[in-house]
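2 protein chains.
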Amino acid sequence: MGGDHAPAEIVRGGVEYARMSGRKVLLVGQPEPIERVLADLDTSGLDLEIVPASQVIGFGEKITSVRSKRDSSIHVGARLVRDGKATAFVSAGHTGAVMAVSKVIYGLIPGVDRPALPAPLPRRTGGYTILLDAGANVDCRTEHLRQFAVMGSHYARRIFGVENPRVALLSIGEEDTKGNDTLREVARILRETSINFVGNVEGTHLFGDRADVVVCDGFVGNIALKVGEGIAEAIVGMIRDEVTKTFFRKVGAFFLRRAFGELKRRTDYAEYGGVPLLGLKKVSVVAHGRSRAKAIRNALRVGDAAARGRIAERIGADIEELHRAEERLVH
Amino acid sequence: MGGDHAPAEIVRGGVEYARMSGRKVLLVGQPEPIERVLADLDTSGLDLEIVPASQVIGFGEKITSVRSKRDSSIHVGARLVRDGKATAFVSAGHTGAVMAVSKVIYGLIPGVDRPALPAPLPRRTGGYTILLDAGANVDCRTEHLRQFAVMGSHYARRIFGVENPRVALLSIGEEDTKGNDTLREVARILRETSINFVGNVEGTHLFGDRADVVVCDGFVGNIALKVGEGIAEAIVGMIRDEVTKTFFRKVGAFFLRRAFGELKRRTDYAEYGGVPLLGLKKVSVVAHGRSRAKAIRNALRVGDAAARGRIAERIGADIEELHRAEERLVH
Numbered sequence: 032m033g034g035d036h037a038p039a040e041i042v043r044g045g046v047e048y049a050r051m052s053g054r055k056v057l058l059v060g061q062p063e064p065i066e067r068v069l070a071d072l073d074t075s076g077l078d079l080e081i082v083p084a085s086q087v088i089g090f091g092e093k094i095t096s097v098r099s100k101r102d103s104s105i106h107v108g109a110r111l112v113r114d115g116k117a118t119a120f121v122s123a124g125h126t127g128a129v130m131a132v133s134k135v136i137y138g139l140i141p142g143v144d145r146p147a148l149p150a151p152l153p154r155r156t157g158g159y160t161i162l163l164d165a166g167a168n169v170d171c172r173t174e175h176l177r178q179f180a181v182m183g184s185h186y187a188r189r190i191f192g193v194e195n196p197r198v199a200l201l202s203i204g205e206e207d208t209k210g211n212d213t214l215r216e217v218a219r220i221l222r223e224t225s226i227n228f229v230g231n232v233e234g235t236h237l238f239g240d241r242a243d244v245v246v247c248d249g250f251v252g253n254i255a256l257k258v259g260e261g262i263a264e265a266i267v268g269m270i271r272d273e274v275t276k277t278f279f280r281k282v283g284a285f286f287l288r289r290a291f292g293e294l295k296r297r298t299d300y301a302e303y304g305g306v307p308l309l310g311l312k313k314v315s316v317v318a319h320g321r322s323r324a325k326a327i328r329n330a331l332r333v334g335d336a337a338a339r340g341r342i343a344e345r346i347g348a349d350i351e352e353l354h355r356a357e358e359r360l361v362h
Numbered sequence: 032m033g034g035d036h037a038p039a040e041i042v043r044g045g046v047e048y049a050r051m052s053g054r055k056v057l058l059v060g061q062p063e064p065i066e067r068v069l070a071d072l073d074t075s076g077l078d079l080e081i082v083p084a085s086q087v088i089g090f091g092e093k094i095t096s097v098r099s100k101r102d103s104s105i106h107v108g109a110r111l112v113r114d115g116k117a118t119a120f121v122s123a124g125h126t127g128a129v130m131a132v133s134k135v136i137y138g139l140i141p142g143v144d145r146p147a148l149p150a151p152l153p154r155r156t157g158g159y160t161i162l163l164d165a166g167a168n169v170d171c172r173t174e175h176l177r178q179f180a181v182m183g184s185h186y187a188r189r190i191f192g193v194e195n196p197r198v199a200l201l202s203i204g205e206e207d208t209k210g211n212d213t214l215r216e217v218a219r220i221l222r223e224t225s226i227n228f229v230g231n232v233e234g235t236h237l238f239g240d241r242a243d244v245v246v247c248d249g250f251v252g253n254i255a256l257k258v259g260e261g262i263a264e265a266i267v268g269m270i271r272d273e274v275t276k277t278f279f280r281k282v283g284a285f286f287l288r289r290a291f292g293e294l295k296r297r298t299d300y301a302e303y304g305g306v307p308l309l310g311l312k313k314v315s316v317v318a319h320g321r322s323r324a325k326a327i328r329n330a331l332r333v334g335d336a337a338a339r340g341r342i343a344e345r346i347g348a349d350i351e352e353l354h355r356a357e358e359r360l361v362h
């Protein structure tokens, strides 16, 4: 029931994934609107089931009021995963609500203090750089950042297939002496673990090929993402302004339309679909609020891969190693 | 003597500004290389003077070693301003060195704790949004951010001619409740001053027309700028990659060359030249390390305008008002 195009596009994405994967897809929400969408689709031979949830959480709702809506589609979906009736939960709804509800229903991996939200950033050379935390945690201490490094590393490995992900800290200079006390402390401990820690990177390197995972606190991460979004829109807008100024430029723009189309595809969130919340015992995947069927289909694929890759168990093991390194350095 | 193209382009910029403005320009540095550049230029009727400085500070030097080079072009230039022999100092050299030396030689405006470095960001609709601090202060307390708001407001007014600059805080949501404790405290006090405080803006708004001045700490500011730079390069690079893939696209690109040229001009730092360090008793302007004559000429214009607009005195008066507001709210 979540997202700008719910339930139609969400249901369509679910149906498409059921067809592609041969997996069973549970559609959680108000049965009638879901049934109306299904009636228009070819669902023959697919394993689909509607699981009723009477409540809907709106985009504007506060987290405090969300918690009391215990029969929302988010609550019901997460409970299906907790109870072993589903392997992963996908939602294009209220991100904060998905996080809060998933955290309560699944619980955190032992040794993890806070869940993190990763963001894949498209690179010029192809592939993605994963930035985390992307906004879930505003004020972070050193132990949170270290845990993000472990979680991001497993995400890059299991979902994007990076063999030995290079992990870096987002800072204001590449030297270890740059940045602040928190970052220096994080670096010191990461060097003692099996994480492939490559040091500091700067904001300019996020869209290059310096690191596969870039760690920062949620405040900085959110600003970095929003600045990126803002400047991308501004540049594309400025190009459009300039391009349509004269007849000859319009001719040029005609020939370039496909190039711009491919650029858009390369930077489209629907390509990777959604991101799993990291640090929880089970899998919830957050899809963009503007998701259409393709994004949902890909988000379901991500959820499936995260569950099959046993991300939670693997993160748990590495968090233990991290804590041992912390103890060695402190004592 | 500072910058990638020193001394040739720096001297040329000085000569151009002397011609345009009719003002006297002092060229500070090693006399021989400066004289060699001047010999090739038409300087008839211009009021130019070489002021010798025997030492040069390199880009890689540490701030601690910089302080002992007391006859560097930065030291000599700042002393000329302190002693009333010049109204403003411009350098394309080591930014940290210009800041450190200017701070020691000029002193801070009473009530200002730290100087700030502003960064003008080009908007799609024309004009600039001023982001500060752009990297001078890594860890900031609430009082520093409030002072940046005052300083940025005067900079927008005197250098960019904005009548009643809208000042905002860079945060992760527009509501006052978003962000962190520091930002909430800053907002509470700014509302009590005569500053035209408009609340929080997000990273996406930096390149739009929501605010004229956007305040943040230097860590966040540096990351925002570097992310912007990185994504701009990535987008332009991706467009270039796509555009040159087929013959028809190359034809399109030919027609669009001028449009890209204009876009480049709109986002070129040489257009505004350089930025004054804010919070000091006298004027030092930092120009880009890659500055050529045009950027230096414009940086000299900025220095002149900052001195004539008596930015330091006006900041001083408003900092007093700020301290009175702080006291009212505390008591």
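First to last, the protein sequences are chains A and B.
Just add 31 to wherever you are in the first sequence, counting from 1, and you've got this note's numbering.
Just add 31 to wherever you are in the second sequence, counting from 1, and you've got this note's numbering.
Each residue gets a CB set at the ideal place from its N, CA and C atoms; glycine is no exception.
The structure displayed is predicted, hence computed values, not measured ones.
Using three-state DSSP, classify L58 of chain B as helix, strand or coil. strand
Return the bridge partner residues of Y159 of chain B from the DSSP annotation. B:P153
Chain A contacts from the stretch 210-244 of chain B (Cβ-Cβ distance under 9 Å): G210, N211, D212, E233, G234, T235, H236, L237, F238, G239
What does the alpha-carbon distance come out to for the pair R355 of chain A and L162 of chain A? Whole-angstrom Cα-Cα distance: 25 Å.
One or two residues paired with G252 of chain A in a DSSP bridge: The bridge partners DSSP lists for G252 of chain A come to none.
Please list, in chain order, all residues of the same chain as V135 of chain B whose beta carbon is under 8 Å from its beta carbon, the five residues on each side excluded. R98
Tell me, which residues are paired with R228 of chain A by DSSP? Checking the sequence, you will find Phe at residue 228 of chain A rather than Arg. DSSP output for F228 of chain A lists A:V198 as bridge partner(s).
Buried or exposed by the 16-neighbour rule on C-beta atoms within 10 Å, applied to A70 of chain B: exposed
Is the number of C-beta pairs between the stretch 211-224 of chain B and the stretch 215-233 of chain A that are closer than 8 Å three or more? With the cut-off at 8 Å, the stretch 211-224 of chain B and the stretch 215-233 of chain A do not touch.
Would the beta-carbon of V258 of chain A fall within 7 Å of that of G259 of chain B? Yes, Cβ-Cβ distance for V258 of chain A and G259 of chain B is below 7 Å.
Need the endpoints of the alpha helix (DSSP H) that E174 of chain B sits in, please. 173-191
Using only CA atoms, which one of A:H185, A:C247, A:I262 lies nearest to I226 of chain A? A:H185
Say whether the stretch 61-69 of chain B touches the stretch 339-346 of chain A, bearing in mind that this needs 3 or more beta-carbon pairs closer than 8 Å, one atom from each stretch. no
Consult DSSP for P146 of chain A and reduce its assignment to one of helix, strand or coil. In the structure shown, P146 of chain A sits in coil (DSSP, three-state: anything other than H, G, I, E or B).
L79 of chain A - containing beta strand (DSSP E), residue span: 79-83
Can you name the residues of chain D whose CB is closer than 7 Å to the CB of V258 of chain A? Note that chain D does not occur in the displayed structure, where the protein chains are A and B.
Residue from A:D248, A:R101, A:V121 whose Cα sits closest to the Cα of S85 of chain A: A:R101
Between the Cα of S122 of chain A and those of A:E357, A:P307, A:L353, spot the shortest distance and give me the residue it belongs to. A:P307
With 16 other CB atoms within 10 Å as the buried threshold, where does I94 of chain A fall? exposed
So, L58 of chain A versus G45 of chain A, is the Cβ gap smaller than 7 Å? yes
According to DSSP, residues forming a beta bridge with S315 of chain B: For S315 of chain B, DSSP records a beta bridge to B:F120.
Reference S104 of chain A; option with closest CA among A:T126, A:P146, A:G60: Residue A:G60 is the option with its Cα nearest to S104 of chain A.
Chain B beta carbons: is any one of them nearer than 7 Å to that of R271 of chain A? Judged by the 7 Å Cβ criterion, R271 of chain A is not in contact with chain B.
In angstroms with no decimal places, state the Cα-to-Cα distance between L311 of chain A and P146 of chain A. Those two C-alpha atoms are separated by around 6 Å.
Is G268 of chain B close to chain A? Criterion is C-beta to C-beta, closer than 7 Å. Judged by the 7 Å Cβ criterion, G268 of chain B is in contact with chain A.
Which residue marks the beginning of the beta strand (DSSP E) containing G305 of chain B, and which one marks its end? 305-307
Please name the residues in the stretch 152-174 of chain A whose beta-carbon is closer than 7 Å to at least one beta-carbon of chain B, in chain order. R155, G166, V169, D170
Classification of N195 of chain A by the beta-carbon crowding that lies within 10 angstroms, buried from 16 upward: exposed
Roughly how many whole angstroms lie between the Cα atoms of S202 of chain A and E264 of chain B? 19 Å
Does the stretch 173-192 of chain B come close enough to the stretch 148-165 of chain B that 3 or more CB-CB pairs lie under 8 Å? yes
Identify the residues that DSSP records as bridge partners of S103 of chain B: which are they? B:Q86
Buried or exposed for V132 of chain A, going by 16 or more other Cβ atoms inside 10 Å? buried
Check whether the Cβ of A131 of chain B lies closer than 7 Å to any Cβ atom in chain A. no
May I ask you to list the residues that DSSP assigns as paired with L139 of chain A? Per the DSSP secondary-structure output, L139 of chain A pairs in a beta bridge with A:L311.
Nearest to V232 of chain A (by Cα), restricted to the options B:L214, B:D212, B:N253: B:N253
Is V169 of chain A helix, strand or coil when you go by DSSP? coil
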